[in-house]
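Trainee: Protein chains in written order, with the working numbering: chain D, 1 to 211; chain F, 1001 to 1211.
(1) Report yes if the CB atom of residue 191 of chain D is closer than 7 Å to the CB atom of residue 1025 of chain F, and no otherwise.
(2) Go ahead and pull the three-state DSSP assignment for residue 1213 of chain F.
(3) Under 7 Å between the Cβ atoms of residue 1138 of chain F and residue 1152 of chain F?
(4) Would you report the Cα separation of residue 1184 of chain F and residue 1177 of chain F, rounded to the nearest angstrom?
(5) Is residue 80 of chain D helix, strand or coil when you go by DSSP?
(6) Where residue 1040 of chain F and residue 1059 of chain F are concerned, what is the direct C-alpha to C-alpha distance, given to the nearest angstrom?
(7) So, helix, strand or coil for residue 1211 of chain F, using DSSP?
(8) Would you say residue 193 of chain D faces chain F, with C-beta separation under 7 Å as the test?
(9) Check the C-beta distance from residue 1035 of chain F over to residue 1105 of chain F and give it rounded, since I have them as a contact under 8 Å.
(10) Just the Cα atoms here: how many angstroms apart are residue 1157 of chain F and residue 1125 of chain F?
(11) Alpha carbon to alpha carbon, how far is residue 80 of chain D from residue 1200 of chain F?
(12) Quick one: complete alpha helix (DSSP H) runs, 4+ long, within the region 1103 to 1181 of chain F?
(13) Skipping 5 residues on each side, what residues in its chain have a beta carbon closer than 6 Å to that of residue 67 of chain D?
(14) In chain D, which residues lie less than 8 Å from residue 1210 of chain F when you measure between Cβ atoms?
(15) Could you tell me the alpha carbon to alpha carbon distance between residue 1094 of chain F and residue 202 of chain D, rounded to whole angstroms?
(16) Out of D:195, D:16 and D:164, which has the shortest C-alpha to C-alpha gap to residue 7 of chain D?
(17) In chain order, what residues of the same chain have a beta carbon less than 7 Å from the beta carbon of residue 1149 of chain F, not counting five sequence neighbours either side?
(18) May I ask you to report which of helix, strand or coil DSSP gives residue 197 of chain D?
(19) Against chain D, does residue 1187 of chain F count as a neighbour if the rule is that its beta carbon must be under 7 Å from one of theirs?
(20) Cβ of residue 100 of chain D less than 7 Å from any chain F Cβ?
(21) What residues from chain F crowd round residue 199 of chain D, counting only those whose CB sits closer than 9 Å?
(22) Looking at the C-beta of residue 184 of chain D, does it have a partner C-beta in chain F at a distance below 7 Å?
(23) So, under 8 Å CB-CB, residue 1045 of chain F and residue 1159 of chain F are touching, yes? Tell me the CB distance rounded to an integer number of Å.
(24) I'd like to know whether the C-beta of residue 207 of chain D is nearer than 7 Å to at least one C-beta of chain F.
(25) Measure the C-alpha to C-alpha separation of residue 1021 of chain F and residue 1155 of chain F and round it to an integer number of angstroms.
(26) Between the C-alpha atoms of residue 112 of chain D and residue 1127 of chain F, what's the straight-line distance to the nearest angstrom?
(27) Which chain D residues are close to residue 1196 of chain F, counting only those with a beta carbon under 7 Å from its beta carbon?
(28) Could you spell out where the alpha helix (DSSP H) holding residue 23 of chain D opens and where it closes?
(29) Between the region 24 to 58 of chain D and chain F, which residues of the former have a C-beta closer than 8 Å to a C-beta of the latter?
(30) Rounded to whole angstroms, how far is the Cβ of residue 1077 of chain F from the Cβ of residue 1109 of chain F, which I believe are closer than 8 Å?
(31) Might you give, ordered along the chain, the residues of its own chain that have their beta carbon closer than 8 Å to the beta carbon of residue 1 of chain D, omitting 5 neighbours on each side?
(32) Using a Cβ-Cβ distance under 7 Å, would residue 1146 of chain F count as near chain D?
(33) With residue 122 of chain D and residue 28 of chain D assumed to form a contact (beta carbons below 8 Å), what rounded beta-carbon distance in angstroms separates them?
Have a look at this one:
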């Protein structure tokens, strides 16, 4: 039985909100035992039910800034006054152990990851099947004004403009098809020679027996 | 229903003989309606049952040399006095029409394809699970001398040394697992942004509706 050691990879899923990315991410985590969700560090206080170290690593602002200053974060962003970031150490651990990490981040976070870990990244952009479908999903809350909805549509359009920064593009028309697309991308990427770190030794042994 | 036009790709399977590549290739062609086997041109006379244009394009030596001189072949090789090559025109047609082409060629042919069509190539190397299994497969003909068998093993070892020139590596331990590996690589590669030539137009239309 040949077991080739491999280095894990970082699977990034990005999309405009309303494209179905969160559903796809959750399904992948359920189906594939070899990939875990990246756990972010945040200065936001825990919400009821959130567990430190599972949902987030909850830290104070000084600690967050220290981590940032010491280069311990692979990417970070501030949203509505709260800071979020990806700690490098757990990611490094997972990759070295041959486990994959899933990132549900936007194009800005992806660009930051690219600066630090481009070889380990597998970047997937999820597009909605049409403006109409996306619009319908963004209009779910009936109380929102037409102005708010128009703002969301324009924001989605801006996010979509970043799809050329991704290697793979999935048009999420049908969930089953999209689930399979992501699973197959992950499987194929695991078969890349550069990720199969045990190959050189495996081949050397085989050649020693053949020669 | 969103149908994104795409450019086809060239899937190359290489391996030492005895690794099971031909079985894998045949299965893929049966299972996947979007990929065809590349048809080579050859100066070898047809064998009984071989059909011109299906198994090979049969040509005389002068015509083969003319094609070679005019740059009409993507790769070529001479084996036991007969020349073989891949005509460029049918490949170009297929790729432009969004169909994929399967190549069952060695590392030398792959290197030649790389010089001409690197962007379209998806290179997969198939390894046997062990020297023992490979040896068993190479010893099938009981009439061969120990010397002939040793020569085949050494040749296999030389072929295996070229695996670092390939993007993907499959250790063919179990046929079902390997079938799925190749199918998933093909599926993932079809989802690459650069191959989905219709994406730019698709996104432009969507954005026009969102803005």
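All C-beta atoms, glycine included, are put in the ideal place defined by N, C-alpha and C.
In this text the structure is predicted, and so the values were computed from the model without any measurement.
Mentor: Per the coordinate set shown:
(1) Counting from one through the first chain, the residue named residue 191 of chain D turns up at place 191. Counting from one through the second chain, the residue named residue 1025 of chain F turns up at place 25. The Cβ-Cβ distance between residue 191 of chain D and residue 1025 of chain F does not fall below 7 Å.
(2) Because chain F spans 1001 through 1211 in this model, residue 1213 of chain F falls outside it and cannot be assessed.
(3) Within the second chain, numbered from 1, the residue matching residue 1138 of chain F stands at position 138. Within the second chain, numbered from 1, the residue matching residue 1152 of chain F stands at position 152. Contact flag set, yes.
(4) Locating residue 1184 of chain F in the second chain gives position 184, where the first residue counts as 1. Locating residue 1177 of chain F in the second chain gives position 177, where the first residue counts as 1. Whole-angstrom Cα-Cα distance: 11 Å.
(5) Start at 1 with the first residue of the first chain, and residue 80 of chain D comes out as number 80. Reduced to three states, the DSSP call for residue 80 of chain D is coil.
(6) If you number the second chain from 1, residue 1040 of chain F lands on position 40. If you number the second chain from 1, residue 1059 of chain F lands on position 59. Going from the Cα of residue 1040 of chain F to the Cα of residue 1059 of chain F covers about 10 Å.
(7) Stepping through the second chain from its first residue, residue 1211 of chain F is reached at position 211. Three-state result, residue 1211 of chain F: coil.
(8) Within the first chain, the letter at position 193 stands for residue 193 of chain D. Yes, residue 193 of chain D lies at the interface with chain F (some Cβ there is under 7 Å from its Cβ).
(9) Within the second chain, the letter at position 35 stands for residue 1035 of chain F. Within the second chain, the letter at position 105 stands for residue 1105 of chain F. Separation of the CB atoms of residue 1035 of chain F and residue 1105 of chain F is rounded to 15 Å, and the pair is thereby denied contact status at 8 Å.
(10) Translated into the one-based positions of the second chain, residue 1157 of chain F becomes position 157. Translated into the one-based positions of the second chain, residue 1125 of chain F becomes position 125. The alpha-carbon atoms of residue 1157 of chain F and residue 1125 of chain F are separated by roughly 14 Å.
(11) Position 80 of the first chain, counted from the first residue, corresponds to residue 80 of chain D. Position 200 of the second chain, counted from the first residue, corresponds to residue 1200 of chain F. Looking at the two C-alpha atoms, the distance is approximately 33 Å.
(12) 1107 to 1117, 1131 to 1138 and 1146 to 1160
(13) In the first chain, the residue the question calls residue 67 of chain D occupies position 67. Only 73 meet the Cβ criterion.
(14) In the second chain, the residue the question calls residue 1210 of chain F occupies position 210. Ordered by position in chain D, the residues that pass the 8 Å Cβ test against residue 1210 of chain F are 131, 134, 135, 153, 154, 156, 157 and 160.
(15) Stepping through the second chain from its first residue, residue 1094 of chain F is reached at position 94. Stepping through the first chain from its first residue, residue 202 of chain D is reached at position 202. Whole-angstrom Cα-Cα distance: 37 Å.
(16) On the first chain, position 7 is the one that residue 7 of chain D refers to. Of the listed residues, the one whose Cα sits closest to residue 7 of chain D is D:195.
(17) For the purposes of this step, residue 1149 of chain F is taken as residue 149 along the second chain, with counting starting at 1. Only 1138 and 1139 meet the Cβ criterion.
(18) Here residue 197 of chain D corresponds to residue number 197 of the first chain, with the count starting at 1. Three-state DSSP puts residue 197 of chain D in coil, outside helix and strand.
(19) On the second chain, residue 1187 of chain F is found 187 positions in, with the first residue counted as 1. Chain D places a beta carbon closer than 7 Å to that of residue 1187 of chain F, counting this residue as a contact.
(20) Indexing the first chain from 1 puts residue 100 of chain D at position 100. No, no contact with chain F.
(21) The sequence position of residue 199 of chain D within the first chain is 199, counting from 1. Simply 1127, 1163, 1164, 1169 and 1171.
(22) On the first chain, residue 184 of chain D is found 184 positions in, with the first residue counted as 1. Output row for residue 184 of chain D: interface = yes.
(23) Here the question's residue 1045 of chain F lines up with position 45 in the second chain. Here the question's residue 1159 of chain F lines up with position 159 in the second chain. Actually they do not touch by this definition, with Cβ atoms about 28 Å apart.
(24) As a position in the first chain, residue 207 of chain D is number 207, starting the count at 1. At least one chain F Cβ lies under 7 Å of residue 207 of chain D.
(25) In the second chain, residue 1021 of chain F corresponds to position 21, counting from 1. In the second chain, residue 1155 of chain F corresponds to position 155, counting from 1. Between residue 1021 of chain F and residue 1155 of chain F, the C-alpha separation is close to 16 Å.
(26) Numbered from 1 along the first chain, position 112 holds the residue referred to as residue 112 of chain D. Numbered from 1 along the second chain, position 127 holds the residue referred to as residue 1127 of chain F. Approximately 37 Å between the Cα atoms of the pair.
(27) Mapped onto the second chain, residue 1196 of chain F falls at position 196. Residues of chain D passing the Cβ test: 169.
(28) Here residue 23 of chain D refers to the residue found at position 23 when the first chain is read from its first residue. Taken as a continuous stretch (DSSP letters only), the alpha helix (DSSP H) holding residue 23 of chain D covers 21 to 31.
(29) none
(30) Within the second chain, the letter at position 77 stands for residue 1077 of chain F. Within the second chain, the letter at position 109 stands for residue 1109 of chain F. Contact flag correct, Cβ pair sits at about 6 Å.
(31) Taking the first chain and counting its residues from 1, the one referred to as residue 1 of chain D is at position 1. With a pLDDT of 45 at residue 1 of chain D, under the threshold of 50, the modelled position of that residue is not reliable, and the figure given next carries that caveat. Answer for residue 1 of chain D: no residue qualifies.
(32) Here residue 1146 of chain F refers to the residue found at position 146 of the second chain. Chain D, which has no Cβ nearer than 7 Å to the Cβ of residue 1146 of chain F, makes this no.
(33) For the purposes of this step, residue 122 of chain D is taken as the residue at position 122 of the first chain. For the purposes of this step, residue 28 of chain D is taken as the residue at position 28 of the first chain. Actually they do not touch by this definition, with Cβ atoms about 12 Å apart.
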